Amino acid sequence: MILGVDIGGTNTDVVLLKEDGFEIVGTFKTGEFDLREIKADYKAVGIGIAVWFKGGEKVGAPNLERIPFIETEKPRILENDAKCFAYYSAKTTGKRNILAITVGTGIGTGIVIEGKLYKGEGLAGELGHIFVGGRKRCKCGGYGHLECHFSGWAVADIREKIENGTIYETGGFKIFCHSVANAIMLLNPEIVVFGGRIGASLDESVIASEISKLVPEVFLPEFRIVRDHFAVAKGAAMLANDLLGNKF
Numbered sequence: 005m006i007l008g009v010d011i012g013g014t015n016t017d018v019v020l021l022k023e024d025g026f027e028i029v030g031t032f033k034t035g036e037f038d039l040r041e042i043k044a045d046y047k048a049v050g051i052g053i054a055v056w057f058k059g060g061e062k063v064g065a066p067n068l069e070r071i072p073f074i075e076t077e078k079p080r081i082l083e084n085d086a087k088c089f090a091y092y093s094a095k096t097t098g099k100r101n102i103l104a105i106t107v108g109t110g111i112g113t114g115i116v117i118e119g120k121l122y123k124g125e126g127l128a129g130e131l132g133h134i135f136v137g138g139r140k141r142c143k144c145g146g147y148g149h150l151e152c153h154f155s156g157w158a159v160a161d162i163r164e165k166i167e168n169g170t171i172y173e174t175g176g177f178k179i180f181c182h183s184v185a186n187a188i189m190l191l192n193p194e195i196v197v198f199g200g201r202i203g204a205s206l207d208e209s210v211i212a213s214e215i216s217k218l219v220p221e222v223f224l225p226e227f228r229i230v231r232d233h234f235a236v237a238k239g240a241a242m243l244a245n246d247l248l249g250n251k252f
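Residue numbers (our numbering): 5 to 252.
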């Protein structure tokens, strides 16, 4: 069995990948999570975490106040959480060119090109930290980033605004759609997948309608909302299983 862990800015989700599918272990507050307290008899662990990596080393964690205890003697892989979401999306959609966007505490992005995760030098796909304007300070220390306009930490009562539909009239949502449209023109994906606890609550038809105004129809990808809150944890487990040679 492979343990899959998704460490987000607010919540940590845990699943077990077994021969017959996934078992949900639970959701924990990130600030209180400790891997040693997971008693499942797993053989290896995949961890998706809201951290920037370069050369396999952690170089930043804009939306994590602290990294919880995740040390283990068992085989382990660490990967950016949005990239785990992209991997899950590739496995479950069968698409080979994917733009996968998570919206939660912050905004994460994973890219799959010709069936493979694209990492660049480690930071590829950080849509949340592109400059879109304004002087609001971002969690990463920069200014005017997309996250400053549309994210869990930046928009007051964002869940309520999504539920009552008022979020779609805000400037932040328009900026978000413009940024996604720019990424579509840059990458030309087959599908754009949205997830995360906030992203999973968005209206797929509204997003598609807004972006269709900005991207030529011939290049419009498919849009899909993934409402499985454990998608990142599942992707982390899948990635660990594949990278470790399906040994477990």
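All residues carry an ideal CB built from backbone N, CA and C; glycine is no exception.
All of these numbers come straight from a predicted model, not from anything done at the bench.
Check                                                                                                                                                                 : Outcome
For the structure I just gave you, are there three or more beta carbon pairs, one from the stretch 138-152 and one from the stretch 229-244, closer than 8 Å?         : no
Taking one C-beta from the stretch 87-96 and one from the stretch 179-189 each time, how about it: are there three or more such pairs within less than 8 Å?           : no
Where LYS33 and ALA235 are concerned, what is the direct C-alpha to C-alpha distance, given to the nearest angstrom?                                                  : 17 Å
Within this structure, are the beta carbons of ILE51 and LEU82 separated by less than 8 Å?                                                                            : yes
Given a cut-off of 8 Å, decide if LEU127 and LEU150 are closer than it, judged by their beta-carbon atoms.                                                            : no
To which residues does DSSP link THR106 through a beta bridge?                                                                                                        : GLY112, GLY199
At 3 residues or longer, what runs of the beta strand (DSSP E) sit wholly inside the stretch 141-212?                                                                 : 195-199
Just to confirm my understanding: we take ASP17, look at its own chain, exclude 5 residues before and 5 after, and list those with CB closer than 6 Å. What are they? : ASP10, THR31, PHE234, ALA237
Can you tell me where the alpha helix (DSSP H) with VAL136 in it begins and where it stops?                                                                           : Element bounds for VAL136: n/a, residue is neither H nor E.
Indicate the three-state DSSP secondary structure (helix, strand or coil) for ARG228 in the structure shown.                                                          : strand
Are the stretch 115-123 and the stretch 154-173 in contact at 8 Å, needing three or more beta carbon pairs?                                                           : no
Rounded to whole angstroms, what is the Cα-Cα separation between ASP85 and GLU27?                                                                                     : 19 Å
Just to confirm, are LYS87 and LEU121 a CB contact at a threshold of 8 Å?                                                                                             : yes
Out of curiosity, what's the CA-to-CA distance linking ARG70 and GLY138?                                                                                              : 28 Å
GLY98 CB to nearest chain D CB: under 8 Å?                                                                                                                            : Here there is only one protein chain, and chain D is not present.
Using only the alpha-carbon positions, how far apart do VAL197 and LYS58 sit?                                                                                         : 25 Å
So, using beta-carbon positions, are PRO79 and ALA44 closer together than 8 Å?                                                                                        : no
State the DSSP-derived secondary structure class of ASP45, mapped to helix, strand or coil.                                                                           : coil
Contact check, GLY13 vs THR109 under 8 Å by CB: the rounded distance?                                                                                                 : 3 Å
Alpha helix (DSSP H) containing LEU247: first to last residue?                                                                                                        : 235-247
In the DSSP assignment, what residue or residues form a beta bridge with PHE26?                                                                                       : LEU21
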